[in-house]
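Numbering (the working numbering), first residue to last: 9 to 213. For every residue, glycine included, the Cβ atom is placed at its ideal position computed from N, Cα and C. Below is one structure, written out as structure tokens; the observations come after it.
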């Protein structure tokens, strides 16, 4: 399976913003941006980025937030353009409804990378079927639950006990091991601080 080999903190430094790739660590003084708030690599005189550079950086930022590589990300963009809906909003909606992101939003994982690992290890069910594909596209009306082995996972239990806010488009069950996808998320419910219009402009060149 393809994956990023660049360090998580280097990605945040490159984008100049906290992408929360390491969960709670990003809120502590150990965060790389708190210690080295400049891009990684050899440092020369900074120049004002071109319009293309701004668009590229925003695309890279969104890719890194959701942990998606270039080809899958472009496929999401193509699907969004063909949906008949607002392209930028639909793009973020498709990314938000990935199974690994839903697991992260439920608070079962402290970061999206940890959520991908939880899904890959077979701890998640969608309906009555165990799904181990992090990019699986969830749909409204589906039930997401932990498998028996997932409920015994120490790391998942620790994450569930931590305080977290579940978005309104997901309904949790009292036993905390189940949740329902009520509907797709609205743009204002997606807390990623990104400008999706720049991505549309990047691919429309």
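With 16 as the cutoff for other CB atoms within 10 Å, does residue i come out buried or exposed?
i, result
"residue 199", "exposed"
"residue 60", "exposed"
"residue 147", "exposed"
"residue 9", "With a pLDDT of 46 at residue 9, under the threshold of 50, the modelled position of that residue is not reliable, and no figure is offered here."
"residue 160", "exposed"
"residue 66", "buried"
"residue 212", "exposed"
"residue 76", "buried"
"residue 86", "exposed"
"residue 58", "exposed"
Going by CA-CA distance only, name the one from the options that's closest to residue i.
i, options, result
"residue 188", "178, 144 and 195", "178"
"residue 206", "120, 155 and 99", "99"
"residue 173", "156, 113, 77 and 89", "113"
"residue 93", "167, 195 and 76", "195"
"residue 229", "116, 73, 150 and 70", "The structure shown does not extend to residue 229, since the chain is modelled only from 9 through 213, so no value can be given for it."
"residue 149", "95, 180 and 69", "180"
"residue 74", "142, 151 and 90", "142"
"residue 69", "213, 212, 211 and 201", "201"
"residue 197", "121, 97 and 125", "97"
Residue j and residue i - do their beta-carbons sit closer together than 9 Å?
i, j, result
"residue 145", "residue 106", "yes"
"residue 140", "residue 123", "no"
"residue 170", "residue 118", "yes"
"residue 153", "residue 186", "yes"
"residue 175", "residue 101", "no"
"residue 158", "residue 166", "no"
Can you round the beta-carbon distance between residue i and residue j to whole angstroms, since I take them to be within the 8 Å contact cut?
i, j, result
"residue 111", "residue 134", "Actually they do not touch by this definition, with Cβ atoms about 11 Å apart."
"residue 63", "residue 209", "5 Å"
"residue 138", "residue 130", "6 Å"
"residue 184", "residue 168", "5 Å"
"residue 214", "residue 81", "Because the chain in this structure spans residues 9 to 213, residue 214 falls outside the shown range and cannot be described."
List, from N- to C-terminal side, the alpha helix (DSSP H) runs of 4 residues or more that fit wholly inside the region 93–154.
95–104, 107–113 and 120–128
Segments of 4+ residues assigned as alpha helix (DSSP H) that fall wholly inside the region 158–200:
162–169
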